[in-house]
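Worksheet: one structure, shown below.
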Amino acid sequence: SSGDEGKSGESYTVATDNNFVPFEFLNEDTGEMEGFDMDLIRAVADEAGFEVEIESMKFDGVVAGMQSGRYDIGIAGMTITKERAETIDFSEPYYDAGLTIAVQESNSDIKSEDDLAGKKVGTRSGTTSEQYLKENHPDAEVVTFPGIVEAYMDLQAGRVDAVMYDVPNVKYYVNNDAKGELKTVGETLQGEQYGIAFPKDSELVDPANEALQTLIDNGTYDDIYEEWFGE
Ligand code: ARG
10 SSGDEGKSGE SYTVATDNNF VPFEFLNEDT GEMEGFDMDL IRAVADEAGF EVEIESMKFD
70 GVVAGMQSGR YDIGIAGMTI TKERAETIDF SEPYYDAGLT IAVQESNSDI KSEDDLAGKK
130 VGTRSGTTSE QYLKENHPDA EVVTFPGIVE AYMDLQAGRV DAVMYDVPNV KYYVNNDAKG
190 ELKTVGETLQ GEQYGIAFPK DSELVDPANE ALQTLIDNGT YDDIYEEWFG E
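According to my numbering, the residues represented by the sequence shown are 10 to 240, in order.
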């Protein structure tokens, strides 16, 4: 390794959520948190010279935990928004995402977001999708779930007509767990970028950004990306 200068050896708590494939999820067999975000934050910590202790909670808890300063770092596929940036800090963006719609494979009724009026649309509470639906689709009946997997299951069971959520999560779910049963429709709605979150004015923002840049420059970011999103 390149030496220990600047390495504080401090340990920081990282708040995440365990219901967002393939960014963060619990491996039931090992009891370990896995996913793109988990690999990324461990690599950032390694590069910046600190330790991390990961704690899993509901997504709303991650945002609230940054606002209260209860946790040092949050990583949970969290979209950088102006509103959130008023109360918490973000790293530079580390992932380009957006929103999309999933329906049952056999559905020919809903072809895009233009067909959501009068439909039951599931999503997860406290997310950008919930906000997007409220702002852009007042005629849709929005049903919020505490976890997105519950929303997908209700979609498969026909209890909701569609689910709106982050493109990489929907695609991953549709291509794996719900293969042949669910599909995505329409264009990507609202481009979004994910950032690592911190309590306002955290001293960790600069070191994390530097580490992130190093991981991008030295290929580590690409390796992690390839592992979770490669063909
Ligand atoms: N990107 C969306 C947002 O920031 C959803 C994130 C959900 N993340 C999670 N770990 N459940 O609102």
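Note that the Cβ used here is the ideal one computed from N, Cα and C, for glycine as well.
For M87, no alpha helix (DSSP H) segment is defined, and its DSSP state is neither H nor E.
Rounded to whole angstroms, the Cβ separation of T25 and I63 is 6 Å, and the two are in contact under 8 Å. Nearest to A57 by alpha-carbon distance, out of G18, E92, V23, I89, is G18. Remark: the shortest separation between the CB of M42 and any heavy atom of the ligand ARG does not fall under 8 Å.
Put simply, the backbone Cα of Q113 is about 18 Å away from that of T153. Per DSSP, the beta bridge partners of V61 are Y21.
When DSSP states are grouped into helix, strand and coil, I50 belongs to the helix group. Taking a C-beta distance under 9 Å as the contact criterion, G167 and E122 do not qualify as a contact pair. A distance below 8 Å between beta-carbons, with the five flanking residues on each side excluded, links D226 to no residue of its chain. Here D48 has I233, E236, W237 as same chain residues with Cβ atoms under 8 Å from its own Cβ, once five neighbours each way along the sequence are excluded. Among the bridge pairs identified by DSSP, P216 is matched with none.
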